[in-house]
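*Asks:* First the structure, then my questions, so here it is.
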Amino acid sequence: MRSLVIDTDTASDDAVALMMALRHPDVRVEAITVVAGNVGLDQAVQNALYVADLCGRREIPVHAGATRPLLADLLTSRGVHGRDGMGDIGLPVRGRSPADGHAVDVLIDTFLARPGEIDLVTLGPLTNVALAFSRAPELVAAIRHCYIMGGTGAGHGNVTPLAEFNFWVDPEAAAIVVRADMPKTIIGWDIAVTSTVFGPEDAARLRAIGTPYAEVAVDCQAVLDGYAVDTGLAGFDLPDPVAMAVALDPSIAEGVDVHVGVLTGDGPARGVQSTDWRHTSGQAPNAHVVRQVPRERFMDALLIGLS
């Protein structure tokens, strides 16, 4: 059985990704660490706790982490995911208490206690992970493999013309983690656009699964319908679930080993993923970047989590 730690800024698509991991028969989630991103930290923690409750996994600790990016003020995506991050559909996403211990300390302690045995899956800004690497550099070598939902390997961004939200919110943290010398796979927003867009008929098929997980998974995307109009997509997309699908079964993805960087600072290049597709920089590959996930393979993974 594989072991995972999941770092998340829990909103609607993160929630679906968490369901996929928490309900997978061959995966043990050691801890969920939470970072501010899609919503503020307190709400993101409540959303993660709600999903753990929904899946009957209250024993899995949920730890609160960084409240803001390393160098900038927090800019959330409430306009995309709703005020509560879960579509504002009236879910009981309040009143729960996280486990003791700061997320950064938990990341350090968990991986150093079992070096080379646990994978890390990141679904939000990389602030918690960057802080942990800065505090305990030896942590980098202790992570078996890191799966990063962030950036955009090809095509345009979803928050600026060039940048994806997670990298854009905290580009300095993203740059630290992408530079880190560890096995890593990056699954960008471009993969969500090509593999995970759900129009009304697709959403109806998911709802027809008939489980509470499927119902919440569809309903909490409510605000994303307006976002789809803005982006020109045919429905809502699921970037965090496709990243989780790759983490759960890397064989579903096609990708290449390339050198990746993240542009920092302010301005139009903030958070842009620099991917050396043609190996012109002379720098050695430092990441495996996913180029394609067949939709049917993604759907298989999604159905395990929602059935």
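Note that the numbering used here has the sequence shown beginning at 20, numbered continuously upward.
Just so you know, even glycine gets a beta-carbon here, dropped at the ideal spot from N, CA and C.
Please state if the CB of A40 and the CB of V53 are separated by a distance shorter than 7 Å.
*Replies:* Not closer than 7 Å, so no.
*Asks:* Residue range of the alpha helix (DSSP H) that T129 falls in?
*Replies:* Counting along the chain, the alpha helix (DSSP H) containing T129 begins and ends at A122 to A132.
*Asks:* DSSP on Q292, reduced to helix/strand/coil?
*Replies:* Note: Q292 maps to strand in three-state DSSP.
*Asks:* Assign R183 to one of two classes, buried (16 or more other C-beta atoms within 10 Å of its C-beta) or exposed (fewer than that).
*Replies:* Before going further, note that residue 183 is Glu rather than Arg in the sequence given. That one is buried.
*Asks:* Would you tell me roughly how many angstroms separate the C-alpha atoms of V234 and M168, rounded to the nearest one?
*Replies:* First, the residue type needs correcting, since residue 234 is Glu and not Val in the sequence shown. Taking the straight line joining both Cα atoms gives about 24 Å.
*Asks:* Rounded to a whole number of angstroms, what is the C-alpha to C-alpha distance between N147 and R314?
*Replies:* If you take the alpha carbons of N147 and R314, they lie about 31 Å apart.
*Asks:* Let's see if you can read the secondary structure: which residues bound the beta strand (DSSP E) around D61?
*Replies:* Taken as a continuous stretch (DSSP letters only), D61 belongs to no beta strand (DSSP E), being part of the alpha helix (DSSP H) at L60 to L73.
*Asks:* Please list the terminal residues of the continuous beta strand (DSSP E) segment that includes I195.
*Replies:* From DSSP, I195 is part of no beta strand (DSSP E) but of the alpha helix (DSSP H) over P190 to R198.
*Asks:* With DSSP collapsed to three states, give me the class of I79.
*Replies:* Coil.
*Asks:* Helix, strand or coil: how does DSSP classify S153 here?
*Replies:* The answer is helix: DSSP assigns S153 an H, G or I state.
*Asks:* Quick one: Cα of L73 to Cα of Y232, how far?
*Replies:* Roughly 8 Å separates the two Cα atoms.
*Asks:* Please report whether the beta-carbon of G120 lies at a distance below 7 Å from any beta-carbon of chain C.
*Replies:* This model lacks chain C altogether, as it is built from one protein chain only.
*Asks:* State the start and end residues of the unbroken beta strand (DSSP E) segment that holds I271.
*Replies:* That residue, I271, is in no beta strand (DSSP E); it is neither H nor E in DSSP.
*Asks:* In terms of residues, what are the limits of the alpha helix (DSSP H) holding V237?
*Replies:* Taken as a continuous stretch (DSSP letters only), the alpha helix (DSSP H) holding V237 covers P231 to D238.
*Asks:* If you run the structure through DSSP and keep just helix, strand and coil, what is A50?
*Replies:* It is a strand residue.
*Asks:* With S22 as the anchor, note down where its beta strand (DSSP E) starts and where it stops.
*Replies:* Taken as a continuous stretch (DSSP letters only), the beta strand (DSSP E) holding S22 covers R21 to T27.
*Asks:* For Q311, list the residues DSSP reports as bridge partners.
*Replies:* In DSSP, Q311 forms a bridge with E273.
*Asks:* So what does DSSP say about L139, is it helix, strand or coil?
*Replies:* Of the three classes helix, strand and coil, the one that applies to L139 here is strand, per DSSP.
*Asks:* CB L142 to CB T27, shorter than 7 Å?
*Replies:* Closer than 7 Å, so yes.
*Asks:* Closest to G172 by CA distance: which of A264, L23, D319 and H307 is it?
*Replies:* For G172, the nearest C-alpha among the options comes from H307.
*Asks:* Does DSSP put T337 in a helix, in a strand, or in coil?
*Replies:* No information on residue 337 is available, as it lies outside the stretch 20 to 326 that the chain covers here.
*Asks:* Tell me the DSSP bridge mates of A306?
*Replies:* Answer by DSSP bridge pairing, in chain order: V277.
*Asks:* Classify H100 as helix, strand or coil using the three-state DSSP reduction.
*Replies:* Correct three-state label for H100: helix.
*Asks:* If you pair each beta-carbon of the segment 199-206 with each one of the segment 69-88, do three or more pairs fall below 8 Å?
*Replies:* At 8 Å Cβ cutoff, the stretches do not touch.
*Asks:* Might you give, ordered along the chain, the residues of its own chain that have their beta carbon closer than 7 Å to the beta carbon of P260, omitting 5 neighbours on each side?
*Replies:* Excluding sequence neighbours, P260 sits near D32, V35, A36, M39, T215 and L321.
*Asks:* Output needed for M201: all residues of its chain with C-beta closer than 8 Å, excluding positions within five of it in sequence on either side, in chain order.
*Replies:* Only V159, A160, I162, H164 and C165 meet the Cβ criterion.
*Asks:* Give the straight-line distance between the Cα atoms of T230 and M20, rounded to the nearest whole angstrom.
*Replies:* Approximately 25 Å, taken between the alpha carbons.
*Asks:* Which word fits T95, buried or exposed, when buried means at least 16 other C-beta atoms lie within 10 angstroms of its C-beta?
*Replies:* Classification for T95: buried.
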